[in-house]
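Undergrad: Here the sequence shown is numbered in our numbering, starting from 555 and rising by one per residue.
Idealized CB from N, CA, C, for every residue including glycine.
As the structure is a prediction and not an experimental result, all values here were calculated from the model.
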Amino acid sequence: MSGSNHTKAFPDLISIDAWHSEAADLDGRSLHIDASFSEAKIGEEADSKIRFSLRLKKADVVFTTSPTSQVAIIQRSVAREISSIGVTEITQERQSKNDFDAGGTISASPKPSASARLAASTSLNSEMTAKTHLTRDVGEIDWRHKKDADGNHCWSVSSAVGNNLIGKPWDPINQPRLAFRKKGSISDLEDPLRVRIICRREDFEIGSLELKNTSAVEKIRAGSHRNRIVAAEAAIRFILEQEGLDHTDISEKFSKIVLGESIVFPED
555 MSGSNHTKAF
565 PDLISIDAWH
575 SEAADLDGRS
585 LHIDASFSEA
595 KIGEEADSKI
605 RFSLRLKKAD
615 VVFTTSPTSQ
625 VAIIQRSVAR
635 EISSIGVTEI
645 TQERQSKNDF
655 DAGGTISASP
665 KPSASARLAA
675 STSLNSEMTA
685 KTHLTRDVGE
695 IDWRHKKDAD
705 GNHCWSVSSA
715 VGNNLIGKPW
725 DPINQPRLAF
735 RKKGSISDLE
745 DPLRVRIICR
755 REDFEIGSLE
765 LKNTSAVEKI
775 RAGSHRNRIV
785 AAEAAIRFIL
795 EQEGLDHTDI
805 SEKFSKIVLG
815 ESIVFPED
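Spelled out as structure tokens, the structure:
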């Protein structure tokens, strides 16, 4: 099993850690979630019959509680806005036309010089351009808050640029997901608070799929793309079971798959 004794995750594809710290301004505890996404390379073992890369298109980061935990979410603390990482600069140009009165501009001189007349002529109907530099946040991963069918707070993450999930969706230290209060002592939790990363089968992107160490006959038999996908799904199923992660029928594109789970422990 990967990770520590309180976390488990699909190796290389995702990592997850969660903890809570004092939120003095809210008289509660802040929930911090460190979620990271990457590309997994599967099939490096000598006895593996297939190799492929695995990425995620999107996933849900879910905070779960139970009635026995007696945890009350501080609603105003929940991270609900779309967030992103990074900064891009936008330049806006604004043009305005200024009409000057040439006579008024040079009326102080009874016989304006040639240079003054030229300056007045140039100023007449001149156009001025003002440039404004703005900045806005742009991230590689977008997230959106929602609640799932069980009422749990979730943050759906997806690529902001149309590719796969690579990196972190937020700063786990400075951007807690929410704050909560607990009746009684935090150490009295009967059912641990948990954070899970969940996706559907259709959210997997399987690439660079090829058979290994097979005879020519076996390659012909397994040559169709569908047969290779079935073999890849079998490899994914084996890893999920090895890591103790919940899943249903992995061949069903809408099936839900738990890719990682962390028990939320106190930081202090």
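1) Going by the DSSP bridge assignment, what does HIS574 pair with across the sheet?
2) Assign LEU580 to one of three DSSP states: helix, strand, or coil.
3) Taking only the alpha-carbon atoms, compute the straight-line gap between ALA613 and ILE752 and give it to the nearest angstrom.
4) Helix, strand or coil for SER602 per DSSP?
5) What is the DSSP secondary structure of THR802, counted as helix, strand or coil?
6) Measure the Cβ-Cβ separation of ASP800 and ILE793 and say whether it is below 9 Å.
7) Just verifying my parser: in three-state terms, what is the DSSP assignment at PRO664?
8) Comparing C-alpha positions only, which one of GLY716, SER607 and ASN706 sits nearest to GLU759?
9) Contact defined as beta carbons within less than 8 Å: I believe LEU747 pairs with HIS707. What is the distance between those atoms, to the nearest angstrom?
10) Below 8 Å on the Cβ atoms is my contact criterion, and I expect GLU806 with LYS562 to pass it. Report the Cβ-Cβ distance as a whole number of Å.
11) Considering Cα atoms alone, identify which of HIS560, ALA788 and PHE734 is closest to LEU580.
12) By how many angstroms is the C-alpha of ASP696 removed from the C-alpha of SER620?
13) Can you tell which of SER710, SER575 and ASP702 has its C-alpha closest to the C-alpha of ALA589?
14) Among the residues of its own chain, which have a CB less than 6 Å from the CB of VAL829, if the five just before and after it don't count?
15) Go through its chain and collect everything with a Cβ distance to GLY582's Cβ below 7 Å, but skip five positions before and after it.
16) Classify PHE808 as buried or exposed, calling it buried when 16 or more other Cβ atoms lie within 10 Å of its own Cβ.
17) Kindly list the residues whose CB is nearer than 6 Å to the CB of ALA572, restricted to its own chain and excluding five residues on each side of it in sequence; keep chain order.
18) Measuring only between beta-carbons, confirm whether GLU635 sits less than 9 Å from chain D.
19) How close, in whole Å, do the beta carbons of LEU763 and ARG782 come, if the pair is a contact with beta carbons under 8 Å?
20) Who pairs with ASP725 in a beta bridge, going by DSSP?
21) Suppose you measure from the CA of ARG780 to the CA of VAL616; what does that come to, to the nearest Å?
22) How about LYS766 and ARG630: do their beta carbons lie closer than 9 Å?
23) Return the chain-ordered list of same chain residues with a C-beta closer than 6 Å to the C-beta of LYS737, the five sequence neighbours on each side being excluded.
24) Is SER569 near ILE720, with beta carbons less than 9 Å apart?
25) Since LEU813 sits in a beta bridge, which residues does DSSP pair it with?
26) Tell me the DSSP secondary structure of ALA714 in three-state form.
TA: By the coordinates alone:
1) Bridge partners of HIS574: LEU585 and PRO820.
2) DSSP, reduced to helix, strand and coil, places LEU580 within a helical segment of the structure shown.
3) When rounded, the distance between both Cα atoms is 6 Å.
4) If DSSP states are grouped into helix, strand and coil, SER602 belongs with coil.
5) Here THR802 sits in coil by DSSP.
6) Result no, Cβ atoms of ASP800 and ILE793 do not sit closer than 9 Å.
7) Note that PRO664 has pLDDT 49, beneath the 50 cutoff, so the model's placement of it is unreliable and no number is given.
8) Looking at GLY716, SER607 and ASN706, the one whose alpha-carbon comes closest to that of GLU759 is SER607.
9) Taking C-beta atoms under 8 Å as the contact rule, LEU747 and HIS707 fail to qualify, at a distance of about 11 Å.
10) By a beta-carbon distance limit of 8 Å, GLU806 does not contact LYS562. Their separation comes to about 23 Å.
11) When only C-alpha atoms are compared, the closest one is PHE734.
12) If I take the Cα positions, the gap works out to 28 Å.
13) If we check each option's Cα against that of ALA589, SER710 comes out closest.
14) Outside the displayed range of the chain (555 to 822) lies residue 829, so it cannot be described from this structure.
15) Hits under 7 Å: ILE628, ALA733, PHE734 and ARG735.
16) Under this definition PHE808 is an exposed residue.
17) Within the same chain, Cβ atoms closer than 6 Å to the Cβ of ALA572 are found at ILE587, VAL749, SER816 and VAL818, the five residues on either side in sequence being excluded.
18) Among the chains in the structure shown there is no chain D, since it carries only a single protein chain.
19) About 5 Å; that satisfies the 8 Å criterion.
20) Beta-bridge pairing links ASP725 to no other residue.
21) Each residue's Cα considered, the two are about 32 Å apart.
22) For the pair LYS766 and ARG630, the CB atoms are not nearer than the 9 Å cut-off.
23) So the list reads GLN624, once near-sequence residues are dropped.
24) Cβ distance not < 9 Å, so SER569 and ILE720 don't count as in contact.
25) Partner residues in a beta bridge of LEU813, as assigned by DSSP, do not exist.
26) Three-state DSSP puts ALA714 in coil, outside helix and strand.
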